[in-house]
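What follows is one structure encoded as structure tokens, with my remarks underneath.
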Amino acid sequence: MASAFLATSAFAADDDAALTRTVSALDTQVFDAYNRCDMEKFSTFFAPDVEFYHDKGGVTKDRQTLVDTTRRNICHKLRRELVAGTLEIYPIKDYGAIEEGVHRFCELDTGKCDGIAKFLMIWQNKGGTWQLTRIVSYAHRPIPQ
Numbered sequence: 001m002a003s004a005f006l007a008t009s010a011f012a013a014d015d016d017a018a019l020t021r022t023v024s025a026l027d028t029q030v031f032d033a034y035n036r037c038d039m040e041k042f043s044t045f046f047a048p049d050v051e052f053y054h055d056k057g058g059v060t061k062d063r064q065t066l067v068d069t070t071r072r073n074i075c076h077k078l079r080r081e082l083v084a085g086t087l088e089i090y091p092i093k094d095y096g097a098i099e100e101g102v103h104r105f106c107e108l109d110t111g112k113c114d115g116i117a118k119f120l121m122i123w124q125n126k127g128g129t130w131q132l133t134r135i136v137s138y139a140h141r142p143i144p145q
């Protein structure tokens with residue numbers, strides 16, 4: 001019985017590592033598009049009925065509004081950086097994954113990174129196509145100097 005448990009545990013660890021690589025790569029891709037203001041590519045990462053909850057900006061409940069708001073408020077103004085060592089990925093059985101971490105925002109004109117926040121994103125995997133269905137960005141605060 002112990003050997004079956006070990007085999008199952010090793011398989012689960014391999015699955016978790018693969019999931020972490022997949023979602024980490026998706027995070028890099030979505031925010032590369034965000035930072036480059038490639039709204040066409042950026043929009044492909046979101047389900048049509050995505051819900052985005054932002055503690056300072058309110059709630060957005062569809063992809064087009066999310067893209068339009070990002071274009072208007074972020075493009076050519078801010079850059080998002082993932083804070084190293086904060087990314088955590090958890091599987092959601094028969095659905096996808098939870099991604100959480102901390103990110104900071106830097107002004108493009110000055111290069112100054114003065115805002116930081118926590119985030120939680122829900123990724124759905126439909127036949128190998130991953131899209132964000134829910135996003136929560138919260139605890140926005142200045143970076144202590």
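Quick note on numbering: the UniProt record's numbering labels position 131 of the sequence shown as 131, and the sequence is numbered without any gaps.
From the three backbone atoms N, C-alpha and C, an ideal C-beta is built for every residue, glycine too.
Computed from a predicted model, the values in this text were never measured in an experiment.
Paired residues, beta bridge with residue i - DSSP
{"i": "GLU99", "result": "ILE89 and MET121"}
{"i": "CYS106", "result": "ARG79 and CYS113"}
{"i": "THR60", "result": "PHE52"}
{"i": "PRO142", "result": "GLY115"}
{"i": "SER137", "result": "HIS54 and PHE119"}
Contacts around residue i, its chain only, beta-carbon distance under 7 Å, and the 5 residues preceding and following it disregarded
{"i": "LEU19", "result": "ILE89, PRO91 and ALA97"}
{"i": "ASN35", "result": "ARG79 and ARG80"}
{"i": "ARG104", "result": "GLU81, VAL83, CYS113, GLY115, ILE116 and ILE143"}
{"i": "VAL23", "result": "ILE89, ALA97, GLU99 and TRP123"}
{"i": "TYR138", "result": "ASP55, ALA117 and LYS118"}
Neighbour-count burial assignment, residue i, 16 or more Cβ in a 10 Å radius
{"i": "LEU66", "result": "buried"}
{"i": "THR86", "result": "exposed"}
{"i": "GLU99", "result": "buried"}
{"i": "LEU26", "result": "buried"}
{"i": "GLU28", "result": "Here residue 28 is Thr; the residue named in the question, Glu, does not match the sequence. Exposed is the call here."}
{"i": "THR60", "result": "buried"}
{"i": "ARG63", "result": "buried"}
{"i": "LEU132", "result": "buried"}
{"i": "ILE122", "result": "buried"}
8 Å Cβ shell around residue i - same chain, five flanking residues per side excluded
{"i": "MET39", "result": "ALA33, VAL67, THR70, ARG71 and CYS75"}
{"i": "CYS37", "result": "ARG71, ILE74, CYS75 and HIS76"}
Own chain partners of residue i with C-beta closer than 6 Å, once the 5 adjacent residues on each side are dropped
{"i": "VAL102", "result": "VAL83, THR86 and LYS118"}
{"i": "TYR53", "result": "VAL59 and VAL136"}
{"i": "VAL30", "result": "PHE45"}
{"i": "PHE42", "result": "ALA33 and TYR34"}
As assigned by DSSP and simplified to three states, the class of residue i
{"i": "PHE45", "result": "coil"}
{"i": "ALA84", "result": "coil"}
{"i": "GLN131", "result": "strand"}
{"i": "LEU6", "result": "Note that LEU6 has pLDDT 38, beneath the 50 cutoff, so the model's placement of it is unreliable and no number is given."}
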